[in-house]
Structures are given as C-alpha cells and as structure tokens.
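J.:
There are 2 protein chains.
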Amino acid sequence: MTGYTEKNRMLIAVDCIIFGFDGETVKILLIKRDIEPEKDKWSLMGGFVQAGESIDEAAQNILTSLTGLNGVYLEQLRVFGNPDRDPVERTVSVAYFALIDINKYKKQLNHRFHAEWFPIKEKPPLIFDHEEMVETAKTYVRYKAAHHPLLFELLPKKFTIPQVQSLYEGIFNIQLDNRNFIRKLTAANLLIKLDEKDKLNSKKGAFYFKLDKKRYKTNFPNLLSFIPKGSK
Amino acid sequence: MTGYTEKNRMLIAVDCIIFGFDGETVKILLIKRDIEPEKDKWSLMGGFVQAGESIDEAAQNILTSLTGLNGVYLEQLRVFGNPDRDPVERTVSVAYFALIDINKYKKQLNHRFHAEWFPIKEKPPLIFDHEEMVETAKTYVRYKAAHHPLLFELLPKKFTIPQVQSLYEGIFNIQLDNRNFIRKLTAANLLIKLDEKDKLNSKKGAFYFKLDKKRYKTNFPNLLSFIPKGSK
DNA sequence: TCAAAAGTGTTCGAATTACACCCATGG
DNA sequence: CCATGGGTGTAATTCGAACACTTTTGA
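Residue numbers (my numbering), protein chains in the order written: chain A, 1 to 232; chain B, 1 to 232.
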C-alpha cells in the first residue's frame, strides 16, 4: 500500500448497455458517436463521471439524457479497465445495463444522439471494447434471469403470457412448452389477470396480465426457475 | 456525451476482500493501515491502479504482494465510487474478493503489512466504506455459492465431506443434514475419493477427497444446489 | 462396551416434464 | 367449419427432505 502522492489519476467513464423488447425481438440501443476518435461509428451510450457525482448517479444521468426515462432498471455490470481500451487516454469504464420497455421509450428519445434500436442479433460492430461489454451483459442477464423475474422489466405494463414466453425464448434461445410455461408462471403468483384480451396474435385472444408489484418487489431476490433443467 | 477536454481525472484504487477457511471458521484477512488518514486502523488490503496496469492485474498484484499467492480465485465484485468515500481525495475503488485456503497462505505472509485473520463474525470496524464492501462480498459469495461449487476454492487439496459441510454451514449460517449432504455432494460427481482418512474429528475417520479438476472446470458454470430451499 | 461421528437405505410428498385434449374465433 | 394459437388436465418421473439404521473405532 503506497501513499497518495504521485498517483495516476484517470478518466472514469460510464457505458450503458440498454436492452429493450418490443413484443417480438430483444433489441439494443446504440448511438452514433459524435466525437473523435471513431466519429460516426456505433457505440454504447456513455459519458464521463463528473466531480460531485457518484458512479450510479452518473449512469442514471446518462440514461436519462438519452431516453428521458427515470426509474428504469439499471444495474452495474462490471469495470472494464485495460490500459489501452481507449486510444486517446487511459479511461476506466464502468459498464451498466438497463432493461426497458421499448414502447415507453419511443416518444421521449433525445434525437441529439442519433440513437437507434438494433435487434441483438443484427447489431453493427462497436468501438473500443464495447463488443465485450455487450457480450458480458448478455451472459449476465441470462444468468440472472434464470433465477430472478428480471425480464419483466422489459415488458410493458400489460402483457400476455405468450409474450413473456417469447421473451424468454428470445433471451435464452430455446423453445419452451407453452402449457408448462403458463402453469409455472401463474403458479409464481406474480401476475394479476386483466379482463382485456390481446387479439393480435390469435383468434381466441390471450388475456392481458399486469405485475403484482407488491409480490414482485418482495419476491425479487428469491429464486425462480423458468428454464427447464434439460435445456442448456 | 461530452469531449475529453476538461474532464475530471480521479484516483483508481483496488480493495481486496480476502476470505479464508481453516477447516472450522470462515475468516477474513485485514491489514493495519500504515498511512494517514486512519493510520493504524484496520482496513482491507488495497492499493492504487498504476499507469500500465489493467484493473485485474492491479488486483492480482495487490493480492500477491500480501499473500505471496498466485492462481488464487479472484473475482471483481463491483465499483464503489461515492464522491466522498475517501476523505483525502476523490477515489474510485474497484472491490475484488479472493477465496483462499488459509493453510496454503500461512507461510508466505508478507509481514510488512501487519495482516491478521479475523473470524468473519469478530472482525473489527473498518475504515471508509470497507464495511459495505465486506457486506456486499458476503452477500455475493453466498448468492454465487448457492449455485456454483465456488466454496471449494477455500478448501485444501484434500478434504473430507464433513469439512465441506461445515464450510457450507458456516457460510450460510444453517444446519444441514449430513446424510443428505453427503449424497448430494457425491452425486455431483466432482470429487475423487482417496484412500486416506482424517481421524481428527471422529474415531471412525472420514475419507479424504480431492477435486476432479476436469469436471470442476467444465461444470463450474453449471448450477448446483447444496442449500435446501426452506433455509433462508 | 459405548459414545460419537461417518455413512447407507428407505420413504413420502412436491415439483417437473411430457403430452393428450378442449376452447374460442376469424377467415 | 376448420386452422390456429390459448389454455386445462393428467400420468410418469425425478428430486428433495426426513429419518431409521448400520458401521467404525478410540477411550
């Protein structure tokens, strides 16, 4: 342990991996970078941590400035700090991921950043080590979602069970038995059935549900398993 | 997203929460701080990230300088970056946790740091936000160990099943049924039985086992559950 | 010989899976 | 009137918790 003198001060950045779901596809929000280096290339939304600001605050501010959204699910992923990750100057970046309902977001987009949603599977190459960040985030979200009802953060206020199922199938890249999925999900006791039906995807129509927020909050740290054991 | 000019450069530190197990108790390694502020108070082992060094390397170097150990389990926990967490100057700290077998460590201790092992339940107050770091690490290790065979990192090369059990009981603060535990553990197929017995704790003696490293590595990311559901 | 820890076997109920089948309805 | 997705019912199986019982051996 050495003293404070003659230490190396560095830039601290925050980069946000913003995931969204539109009812069909899992997407990621990218911006077209407006500064050198790598101007006009696609990048995660990010920024530098300011003097009086905690890192969490910085992440929240960056997210809000782009999406206009507050109260969105935002979690620290991890730090990326290779000495040469930013060619201009040593910059340590703290990656955060956000989960948002795309529809909620659409209207409030700040166009200054030239942001665009890309289906996860068709995203363009990214600058610096942002590819690695996205991969890490995808892996982590999968991991966490296998135990926590995390993915509800991606859904709109009211949603149908088949929608939830296709979200899980998209995230985990698997096929699920809809009959067992329905039962597992309703058994979890997290949903409240509404009277309305969504008739877009079937003639019979699927009932809308909303989250039971109380139970959701209380049960959040508990384990849930929507993924059958046999499916790697 | 703003440019690189006029940015706030900050100190980046690494702090290590070092957990160890001596066969009976889970312990944490602390050092007596030798610089101001808070000189002579207990603290996590830490240091600043140097210019050419990645954060992971910095953490590894710090760990090695204290314990003399390499190849120890070391994982990034998360960043602590409140503006006032270090009273001297804004410092962002990346917390890492390490899991080590205490016996392995004993001989190589670097005495320069006045380090000492404390049973987790009897640790002294710590400086800055180190308490919060330790709490976060404890919670996270519990969480991860509930699904991964993480705790084997704390055990010596050869160990008995009752030892593993008391480790789990210590970490999770629960009592486990030894008969079910034995079966679960052997069913996981991670252990190789040795001929030797440990006779210290019983007259009958308990067989030593060693890890099946191949299976351990391959199965590491898979889920395992040693903790019964009923025990919060 | 007996106390105490290590380890095996057995039972029972809950949870998981696979899958047959019914429901509602727009074209 | 039938194809299509939504949803219920049910049998077969696995899994986990509880617990009776055997084994070993030093004191």
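Just so it is clear, CB atoms sit at the ideal spot from N, CA and C, and this is done for glycine as well.
1) Quick one: what's got a C-beta closer than 7 Å to residue 215 of chain B's C-beta in the same chain, skipping five residues either side?
2) Could you tell me if residue 205 of chain B is buried or exposed, where buried requires 16 or more neighbouring beta carbons within 10 angstroms of its beta carbon?
3) For chain B, find out if any of its Cβ atoms is closer than 8 Å to the Cβ of residue 81 of chain A; answer yes or no.
4) Note the first and the last residue of the continuous beta strand (DSSP E) segment covering residue 93 of chain B.
5) Check the Cβ of residue 11 of chain B against every Cβ in chain A and list those closer than 7 Å, keeping chain order.
6) Residue 65 of chain A to residue 126 of chain A, Cα distance in whole Å?
7) Along the segment 50-61 of chain B, what residues have a CB closer than 7 Å to any CB found in chain A?
8) In the DSSP assignment, find the beta strand (DSSP E) that holds residue 119 of chain B and state where it starts and stops.
9) Mind checking if residue 234 of chain B is an interface residue toward chain A, Cβ cutoff 8 Å exclusive?
10) Using the Cβ count rule (16 or more neighbours within 10 Å means buried), how would you classify residue 77 of chain B?
11) For residue 142 of chain A, which residues in chain B fall below 8 Å Cβ to Cβ?
12) Which residues in chain A have a C-beta closer than 8 Å to the C-beta of residue 209 of chain B? List them in chain order.
13) Between the C-alpha atoms of residue 118 of chain B and residue 34 of chain A, what's the straight-line distance to the nearest angstrom?
14) Of all the alpha helix (DSSP H) runs that stay within the bounds of the segment 107-182 of chain B, which reach a length of 4 or more residues?
15) Keeping to the same chain, check which residues put their C-beta closer than 7 Å to that of residue 165 of chain A; ignore five residues upstream and five downstream.
16) Over what stretch of residues does the beta strand (DSSP E) that includes residue 59 of chain B continue unbroken?
17) Taking its Cβ as the centre, do 16 or more other Cβ atoms sit within 10 Å of residue 233 of chain B, making it buried, or is it exposed?
18) So the candidates are B:135, B:15, B:45; which of them puts its Cα closest to the Cα of residue 93 of chain B?
T.: Let me spell this out:
1) By one-based count along the second sequence, residue 215 of chain B stands at place 215. The answer, listed in chain order, is 189, 190.
2) On the second sequence, position 205 is the one that residue 205 of chain B refers to. Classification for residue 205 of chain B: exposed.
3) Taking the first sequence and counting its residues from 1, one reaches residue 81 of chain A at position 81. Taking Cβ atoms only, chain B reaches closer than 8 Å to residue 81 of chain A, which makes this a yes.
4) Within the second sequence, the letter at position 93 stands for residue 93 of chain B. First-last of the beta strand (DSSP E) with residue 93 of chain B: 91-101.
5) In the second sequence, the residue the question calls residue 11 of chain B occupies position 11. By Cβ distance, chain A contributes 7, 9.
6) Position 65 of the first sequence, counting from 1, holds the residue named residue 65 of chain A. Position 126 of the first sequence, counting from 1, holds the residue named residue 126 of chain A. Near 21 Å, if we compare the C-alpha coordinates of residue 126 of chain A and residue 65 of chain A.
7) 50, 51, 52, 53, 54, 55
8) Along the second sequence, one-based indexing puts residue 119 of chain B at 119. Its beta strand (DSSP E) spans residues 115-119.
9) Look at the range of chain B in this structure, 1 to 232, and you will see that residue 234 of chain B is not part of it.
10) By 1-based counting over the second sequence, the position of residue 77 of chain B is 77. Answer is buried; the Cβ neighbour count reaches 16.
11) To locate residue 142 of chain A, count along the first sequence from 1; it is residue 142. Under the 8 Å cutoff, chain B gives no residues; its nearest Cβ is about 11 Å from residue 142 of chain A.
12) The count along the second sequence starts at 1 and reaches residue 209 of chain B at position 209. Near residue 209 of chain B there are no residues of chain A at all, since even the closest Cβ is about 25 Å away, more than 8 Å.
13) By one-based count along the second sequence, residue 118 of chain B stands at place 118. By one-based count along the first sequence, residue 34 of chain A stands at place 34. Cα to Cα, residue 118 of chain B sits roughly 52 Å from residue 34 of chain A.
14) 130-145, 161-172
15) Within the first sequence, numbered from 1, the residue matching residue 165 of chain A stands at position 165. Around residue 165 of chain A: 176, 178, 181.
16) Along the second sequence, one-based indexing puts residue 59 of chain B at 59. No beta strand (DSSP E) contains residue 59 of chain B, which is instead part of the alpha helix (DSSP H) from 55-67.
17) The requested residue 233 of chain B is not part of the displayed model; chain B covers only 1 to 232.
18) Translated into the one-based positions of the second sequence, residue 93 of chain B becomes position 93. The residue with the shortest Cα to Cα distance from residue 93 of chain B is B:15.
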